[in-house]
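Structure first, then comments.
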């Protein structure tokens, strides 16, 4: 009996020892496990800077953005934030998979008949107008124009007079020496006009929009008979999208995708932002055009308060260069002419199947309304990042008050993203899409805004619910809207004159077939071999 009693006591002691050890182990784990996500998802207290409207100041207003210096970033984001193992199924992998490239590669080398630039007939001065991406396209077109009219191109002057109010010079935004050296076999380029010509009379011209080679060779080149200097008052949309000599089209691509590189300090900062986004895993770059200037210009007021709608209307009426003043916001939205709202973006991403821990980089200026309009998107996707959230004030300080330089940072992070999604087809959206096509048709999802708002309105009306049915419809609608290779779209049938050119897909939105060829082509630098 006594032996049995001791045996029972021994068993109880072992059980107690095991229980105590288990409790101690749990306590130890609880103390040492970090939860870095909590540092990222707190609601911060200031708005992002706005790089496409007003002066570029780090806003102190309330916002979804939290100011996080690099030391405050989670120390182990790979373990904490990368998509969890449970989510790594076939459907998720398919979400991130780029579209088939069909063996397309850049083919921008000049043809055997292409010659170095002959002796220059004069100097071409260029005033590049608009925001960063409008100026980029215009500068590249002016490189081609300089070649056509046999001019020496003076480094273009960037826009300092528009509403962006950016004092940046060319060398502040772009790598000036690289630009000159890269194009030395195409166009003579100088940094400044020679001193002896500083006071010479200039022929100031507004080049005709979407013009072909004949216009420049006959009408503009004729000015060399009387002038040594031609000044282009504007640079945007001055060259036709199509029906230009193959070597001119390839020159445009060399200028845009090889020569026009950002300044070293911008490239370095952009790479740092990309690396910090990459630490969270594959990421989406979301060009969220829910900004005051965009909403005022387009007349879009969905999800806004009456007071906000009146404020935007007043801005539109008081902006003299915006020609259309009376806009029906309901009709505008139903036609797909409005940027998606942050709430609609959340519905869209959820329907596509992106999990809530998807890292998203917001490539945009100051979101109109801040917290009041970002809360729905933030609730669905807490890992919303931007340059102000990824970098410290000290790191961003050199770029503050320079709209073009801040926009360049967003451009770099967008180009390098795993997926790019624009909520509106503006200058940046088009430029990034074209560049991503050139780099191998990286995945770019273009929302069908007209169909999406029709579906979202059904949800609001209670005639449709979020779920499998909605998801299947949205996925099917966007199956062919992911940036796969296709030839550039021509004009809309029946359009004439300027409207015909305006309806064409812009050259820099899709450089195929001019600058992209399939590998199996025998003469991949010959325009006739392009498929």
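Residue numbers (UniProt numbering): 1 to 531.
Glycine included, every Cβ here is placed at the ideal spot set by N, Cα and C.
When the Cα atoms are used, what is the spatial distance from residue 396 to residue 405?
10 Å
Would residue 236 and residue 130 qualify as a contact pair, given that the criterion is a beta-carbon distance under 7 Å?
yes
Roughly how many angstroms separate the alpha carbons of residue 520 and residue 100, rounded to a whole number?
16 Å
Helix, strand or coil at residue 366 according to DSSP, with G and I counted as helix
coil
Beta-carbon separation of residue 341 and residue 293 under 7 Å?
no
Cβ-based neighbour list, residue 170, same chain, cut-off 7 Å, excluding 5 preceding and 5 following:
155, 156, 158, 176
By DSSP's criteria, residue 287 is part of a beta bridge. Which residues make up the other side?
422
Please tell me whether residue 360 and residue 384 are closer than 7 Å, where the distance is taken between their beta carbons.
yes
Determine contact between the stretch 138-157 and the stretch 252-271, defined as no fewer than three beta-carbon pairs at a distance below 8 Å.
yes
Are there 16 or more other CB atoms within 10 angstroms of the CB of residue 422, so buried, or fewer, so exposed?
buried
Do you know offhand how far residue 323's Cα is from residue 317's?
9 Å
Whose C-alpha, out of 426, 287, 366, is nearest the C-alpha of residue 298?
426
Sort 434, 487, 449 by Cα distance to residue 509 and report the nearest one.
434
Beta carbon of residue 283, beta carbon of residue 168: below 7 Å?
no
For the 8 Å Cβ check, are there 3 or more pairs between the stretch 209-222 and the stretch 471-487?
no
DSSP three-state assignment for residue 310, whether helix, strand or coil
helix
Ignoring anything shorter than 3 residues, give me the beta strand (DSSP E) runs that lie fully in the stretch 443-476, in order along the chain.
none
Let's test the definition: count the other Cβ atoms within 10 Å of the Cβ of residue 133 and tell me whether it reaches 16, buried, or not, exposed.
buried
Taking Cβ positions, are residue 166 and residue 408 nearer each other than 7 Å?
no
Runs of beta strand (DSSP E) wholly within the stretch 160-217 (minimum 3 residues, chain order):
202-205
Quick one: grab the DSSP three-state call for residue 153.
strand
The stretch 367-383 touching the stretch 488-496, judged by at least three CB pairs closer than 8 Å
no
Using only CA atoms, which one of 179, 280, 319, 238 lies nearest to residue 255?
179
Please classify residue 312 as buried or exposed, where buried requires at least 16 neighbouring CB atoms within 10 angstroms.
buried
Shortest alpha-carbon distance to residue 438 belongs to which of 253, 464, 287?
253
Cβ pair residue 351, residue 287 closer than 7 Å:
no
Just tell me which of 499, 124, 285 has its CA closest to the CA of residue 414.
285
Might you give, ordered along the chain, the residues of its own chain that have their beta carbon closer than 8 Å to the beta carbon of residue 197, omitting 5 neighbours on each side?
123, 228, 229
Under 7 Å between the Cβ atoms of residue 541 and residue 116?
This structure cannot speak to residue 541, because the chain is shown only from 1 to 531.
Distance cutoff 7 Å, beta carbons only. Does residue 167 sit that close to anything in chain C?
As a matter of chain content, chain C is missing from the structure shown, which is built from one protein chain.
What is the DSSP secondary structure of residue 354, counted as helix, strand or coil?
coil
Reducing DSSP to helix, strand and coil, say where residue 106 ends up.
strand
C-beta atoms of residue 127 and residue 485 nearer than 7 Å
no
Could you tell me which uninterrupted alpha helix (DSSP H) segments, each at least 4 residues in length, are contained entirely in the stretch 380-404, listed from first to last along the chain?
387-390, 393-396
Could you check which residue in 119, 277, 162, 267 has the C-alpha nearest to that of residue 149?
119
Please classify residue 51: does DSSP put it in a helix, a strand, or coil?
Residue confidence for residue 51 is low, a pLDDT of 40 falling below 50, so the modelled location carries little weight; the figure read from the coordinates is stated next. Reduced to three states, the DSSP call for residue 51 is coil.
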